[in-house]
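Enquirer: What the sequence shown shows, in mature numbering (1 follows the signal peptide of the UniProt record, and there is no 0), is residues -35 to -1, 1 to 162, in sequence order. From the three backbone atoms N, C-alpha and C, an ideal C-beta is built for every residue, glycine too. Computed from a predicted model, the values in this text were never measured in an experiment. Before we start, here is the structure in question, set down as structure tokens.
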Amino acid sequence: MKSSGMNFASGKRSVCFRGFSAAFMLLSICARADGADHNVTAVAGKEAALPCECPPDDPPYFVWQKAVGENRSNIPPLVVNSYKEDEKTAPEYHKRTKLKLETGKCSLVFYKVLLSDQGLYECYYKTRPLKVNKIYLEVTDNPQRVSDLSIQKTVVSSSVCSFLVIVVAAAAVFVGITRRNKHQTNGAFIATSPRSF
């Protein structure tokens, strides 16, 4: 019976540990939400930049391409731009983009983005294993929509992260109080147990 009780307690600790690990993982995602946001909203006719983090190679090795849509896996994606001589840029993107190379960054910049440019873009860069960043570009002809989406995204992200902080803090307090009460109860039981003569 004692062994069963120990296994149950160990199981409870394992569940609690996993729960806290998941919660803190979500908190870490919230902490870096701005830097890891893969949704870009741009105004048609204006410049648009798609971020991509890549290793600081010299020279870098990467390709920007656009997915052609769902349920069309047999059609290869369109190459938008690349730092490779053997990759041919699709005609619709010829001389419309440039690469902005900085340390650890290989961003794609549209000189004048079009409504037809909207879609999912992928930035592949050569590592072991091969890695890819996915950025969804939404293009609108309403500048106010860009501002509204930015505010809405910030509010939603802040609300979710604040809720997670409150939940984790409350859970930590609850676990701490429960463990303290259990410890005090065990101590009181030991202190009041009759001694054997």
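Quick one: give me the first and last residue of the beta strand (DSSP E) that residue 72 is part of.
Expert: Run containing residue 72: 70 to 75, per the beta strand (DSSP E) assignment.
Enquirer: Inspect the beta-carbon positions of residue 63 and residue 45 and report whether they are closer than 8 angstroms.
Expert: The answer is no: Cβ separation not under 8 angstroms.
Enquirer: At the level of alpha carbons, what is the spacing between residue 85 and residue 147?
Expert: Distance between the alpha carbons of residue 85 and residue 147 is about 54 angstroms.
Enquirer: Output the residue ranges of the alpha helix (DSSP H) runs that lie fully inside the stretch 79 to 112 and measure 4 residues or longer, sorted by chain position.
Expert: Correct list: empty.
Enquirer: Could you work out which residue in 97, 9, 142 is closest to residue 163 when comparing CA atoms only?
Expert: Outside the displayed span of the chain (-35 to 162) sits residue 163, for which this structure offers no information.
Enquirer: State the DSSP-derived secondary structure class of residue 6, mapped to helix, strand or coil.
Expert: In this structure, residue 6 counts as strand in the three-state DSSP scheme.
Enquirer: Please list the terminal residues of the continuous beta strand (DSSP E) segment that includes residue 33.
Expert: Run containing residue 33: none; DSSP gives neither H nor E here.
Enquirer: Return helix, strand or coil for residue 14, following the three-state DSSP convention.
Expert: If DSSP states are grouped into helix, strand and coil, residue 14 belongs with the strands.
Enquirer: Tell me residue 44's beta-bridge partners as DSSP assigns them.
Expert: Per DSSP, 30.
Enquirer: Determine, using beta carbons only, whether residue 21 and residue 69 come nearer to each other than 8 angstroms.
Expert: The answer is yes: Cβ separation under 8 angstroms.
Enquirer: Give every residue of the same chain whose Cβ lies closer than 6 angstroms to the Cβ of residue 87, excluding the five residues on either side of it in the sequence, and list them in chain order.
Expert: For residue 87, where only same-chain residues beyond five positions count, the Cβ hits under 6 angstroms are 30, 97, 99.
Enquirer: Who does residue 65 pair with in a DSSP beta bridge?
Expert: Looking at the DSSP assignment, residue 65 forms a beta bridge with 72.
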